[in-house]
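J.: The numbering of the sequence shown is our numbering, which starts it at 2 and goes up by one.
Built from N, CA and C at the ideal position, the CB exists for glycine as well.
Here you go, one structure.
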Amino acid sequence: MRSDVTLRLLDRTLLTELLHAAVEDADPLEVMPPVEGPGGPDGWTPERRSAFVRFHESRSLAADPVETTFAIAVSGRVVGAARLCPVEKQAGTAEAGVWIGRSHRGVGVGGAVLELLLEQARAAGFTSVYVSTEPHNTAVRALLAGIGVDLVPDCPDGDALTARVDLTAEADVAQEARYRALDETVSRLYVEGRLGDALKAVQDEAPRIPRRRADTAHLAACLLTLTGRPEDALAELRTALADGAWWSPAILVDDDDLAAVRDLDGFAALLRESTARHASATGVPLPPVVRRPQGTPRGVLVVLHGADQDAALAAEQWAPAVDAGFVLVAVDSSQRSTPLYRSWPDTGVGIRDITAALAELDEADNSLPLLAAGFSAGARVAVLWALSDVAVRPSGFLALGPALTPAHLDGERRVRAAQRAVRGRILVGEQDDDVTPGVFDAHEVLTDAGADVTLETVPDLGHDIPADFARRLPVLLDSLLAARPRPAGR
């Protein structure tokens, strides 16, 4: 989102600036209702200027306002207006309205305004907002698509597109997108040594991501410590703890960035309380996300999310498997480092989560071929589950960017790889510095042991899912099923 776009609550001083922006850069009919009375010249006549002022004075500046209006500012200059008007007989619902001067259209201002306006609507207690835009407004359309909102024509012959934004549903999605963007920015600035800039980015964004309170507090605490402010770092963690946050003991005790905080009075008490909350919140399996194909399934594919992801995202990423005829079982890790950060540090607990998820399936699914798949940390567990000695295990695995090294492949797993000729397919981005070169060494260990495991590098890809994954996935699954070994325990 453009950082130079802001919304300022309209007052009489801003109304003068708003009128100037309208006269200089918009048509009267774009910014207010038609002026009643006999026809006259086009453009901003004295009558229309007076009507513009009266319009806002009677609606948002009245003693009992009809709606709330904001002046849109770009780098401090007023360029348009945005409004929220409660919809009659629809409690908690508002209609959004926006106009922007011609010279500021088509450059991302509209998308930024809409995002800010939805935040204002949430803060005002609205639960839904009606939004309209034009088909060519790609910024607004992209923003709505990003939070899962579909625009539809407001009438069969009309050009305008309309959508109802459910603020209670989209808030989590929007906050997650903000958090992902922040995490990426902070990681880049951290590597570049720009710790002050990274801290400012966290402090600016954290209030807009309340569901990630524990994670943003941890980021801020690390950066405060590294910039010579350990006391402020501890205060940040304690404030977040008071807000309900918690962290696993490993985060607080093993993170080198917090070393100076651990010597301060008050840290031990914080650690005790956080550890107690972590113990009561982690280790509880969640029901899996299950997707079934149309017709008779040809296999079961268990998919495991990456670190700081979840089963819902994994189900979306691996959805082409359902079209390929597989029952898709996306499993949430029960291991949490913060209230929302899930990963797979303990393989044994991960396999227990998988076993609990498989128990939720229909009995008929037990006779189907069983495969494992995953991304990053989840991919590592998929591989190690296939090489485990548990009763129910997959006959093959598909690992995307697995966080796997030879250290994970102990002697017993190497023996089982040779004995059962486990079949596996590994995809690694050519630019994936997160898991290379360790995964190449792990692949060599598996092939030397006799396992049928191939590794393919994907050009121009980092630690991510390939852009053409929907095309690749059915072919890879077919290769794992072809003349497959008899699955153990199935």
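If we count the other Cβ atoms within 10 Å of its Cβ and call it buried at 16 or more, is G126 buried or exposed?
T.: Label assigned to G126: exposed.
J.: Span of the beta strand (DSSP E) holding E193?
T.: Element bounds for E193: n/a, residue is neither H nor E.
J.: Shortest alpha-carbon distance to L314 belongs to which of R424, D333 and D324?
T.: That would be D333, whose Cα lies nearest to the Cα of L314.
J.: Determine the DSSP secondary structure at G40, reduced to helix, strand or coil.
T.: Residue placement at G40 is flagged as unreliable, the pLDDT there being 49, under the threshold of 50; a coordinate-derived value is accordingly withheld.
J.: Since V323 contacts R299 with CB under 8 Å, what's their CB separation in whole angstroms?
T.: Not a contact, Cβ separation roughly 11 Å.
J.: Can you list, in chain order, the residues of its chain with a C-beta nearer than 6 Å to that of G40? Leave out the 5 residues immediately preceding and following it.
T.: Any reading at G40 must be qualified, since the residue scores a pLDDT of 49, below 50, and its modelled position is unreliable; the value itself is stated next. Taken in chain order, the list of residues that qualify is empty.
J.: Using only CA atoms, which one of V88, S368, L305 and L227 lies nearest to G375?
T.: Considering only alpha carbons, the answer is L305.
J.: Rounded to whole angstroms, what is the Cα-Cα separation between D354 and A373?
T.: Whole-angstrom Cα-Cα distance: 13 Å.
J.: Measure the C-alpha to C-alpha separation of L359 and S389 and round it to an integer number of angstroms.
T.: L359 and S389: Cα-Cα distance of roughly 16 Å.
J.: Specify the secondary structure class of Y497 as computed by DSSP and reduced to three states.
T.: Residue 497 falls outside the range modelled here, since the chain spans only 2 to 491, and no answer is possible.
J.: Can you list, in chain order, the residues of its chain whose CB lies under 7 Å from that of T448, leaving out five sequence neighbours each side?
T.: Only V454 meet the Cβ criterion.
J.: Do L119 and V166 have their C-beta atoms within less than 8 Å of each other?
T.: In this structure, V166 lies closer than 8 Å to L119 by Cβ.
J.: Got a sec: is the Cβ-Cβ distance from R337 to anything in chain C below 8 Å?
T.: Any reference to chain C falls outside this structure, which holds one protein chain only.
J.: Mind checking whether R417 and L399 have CB atoms under 8 Å apart?
T.: In this structure, L399 does not lie closer than 8 Å to R417 by Cβ.
J.: For V75 and H105, which I take to be in contact (beta-carbon distance under 8 Å), what is that distance rounded to the nearest angstrom?
T.: With 8 Å as the limit, V75 and H105 qualify as a contact, their Cβ atoms being about 6 Å apart.
J.: Determine the extent of the alpha helix (DSSP H) in which I352 is found, giving its start and end residues.
T.: Its alpha helix (DSSP H) spans residues T348 to L359.
J.: Which residue's Cα is closest to the Cα of A419: L20, D433, V446 and L405?
T.: Nearest C-alpha to A419: V446.
J.: Closest by CA to T46, which one among H57, V24 and L62?
T.: Measuring from the Cα of T46, the nearest candidate turns out to be V24.
J.: Who does S133 pair with in a DSSP beta bridge?
T.: S133 pairs with T163.
J.: Residues in the same chain with beta-carbon distance under 7 Å from A1, minus the five sequence neighbours each way, listed in chain order, please.
T.: This structure leaves residue 1 out entirely; the chain is present only between 2 and 491.
J.: Can we say the segment 335-353 touches the segment 226-233, given the rule of at least three CB pairs closer than 8 Å?
T.: Taking 8 Å as the limit for Cβ pairs, the verdict is that the segment 226-233 does not touch the segment 335-353.
J.: Nearest-angstrom Cα distance between A124 and C86?
T.: Cα to Cα, A124 sits roughly 14 Å from C86.
J.: T406 and E431 - do their beta-carbons sit closer together than 8 Å?
T.: Contact: no.
J.: Assign T217 to one of two classes, buried (16 or more other C-beta atoms within 10 Å of its C-beta) or exposed (fewer than that).
T.: The residue is buried, with at least 16 neighbouring Cβ atoms inside 10 Å.
J.: Between which two residues does the alpha helix (DSSP H) harbouring E25 extend?
T.: Residues R13 to D26.
J.: Following the continuous beta strand (DSSP E) through F53, name the residue where it begins and the one where it ends.
T.: F53 -> not in any beta strand (DSSP E); alpha helix (DSSP H) instead, spanning P47 to R60.
J.: Alpha carbon to alpha carbon, what distance is there between V187 and D5?
T.: Computed Cα separation, rounded: 20 Å.
J.: Roughly how many whole angstroms lie between the Cα atoms of L20 and W319?
T.: When rounded, the distance between both Cα atoms is 52 Å.
J.: According to DSSP, simplified to helix, strand and coil, what is D539?
T.: In the structure as shown, the chain begins at 2 and stops at 491. Residue 539 is therefore absent and cannot be evaluated.
J.: Going by beta carbon distance, what residues of the same chain come within less than 8 Å of H464, once the five residues before and after it are set aside?
T.: Only S377, G402, G430, D433, D434, D435 and V436 meet the Cβ criterion.
J.: What number of angstroms, rounded off, separates the C-alpha of P486 from the C-alpha of W345?
T.: Because the pLDDT of P486 is 46, which lies under 50, any placement of that residue in the model is unreliable, and the number read from its coordinates should be weighed accordingly. Their Cα atoms are separated by approximately 27 Å.
J.: What does the Cβ neighbour count give for Q310, buried or exposed, with the cut at 16 atoms within 10 Å?
T.: With 16 or more other Cβ atoms within 10 Å, it is buried.
J.: Tell me which residue opens and which closes the beta strand (DSSP E) that L388 is part of.
T.: Unbroken run through L388: none, as it is neither H nor E.
J.: Can you tell me where the beta strand (DSSP E) holding I427 begins and where it ends?
T.: That run of the beta strand (DSSP E) goes R424 to G430.
J.: Taking the alpha carbon of L369 as the point to measure from, which residue in P438, G326, L200 and L265 has its own alpha carbon closest?
T.: If we check each option's Cα against that of L369, G326 comes out closest.
J.: If the criterion is Cβ atoms closer than 8 Å, does the pair P289 and V330 meet it?
T.: Closer than 8 Å, so yes.
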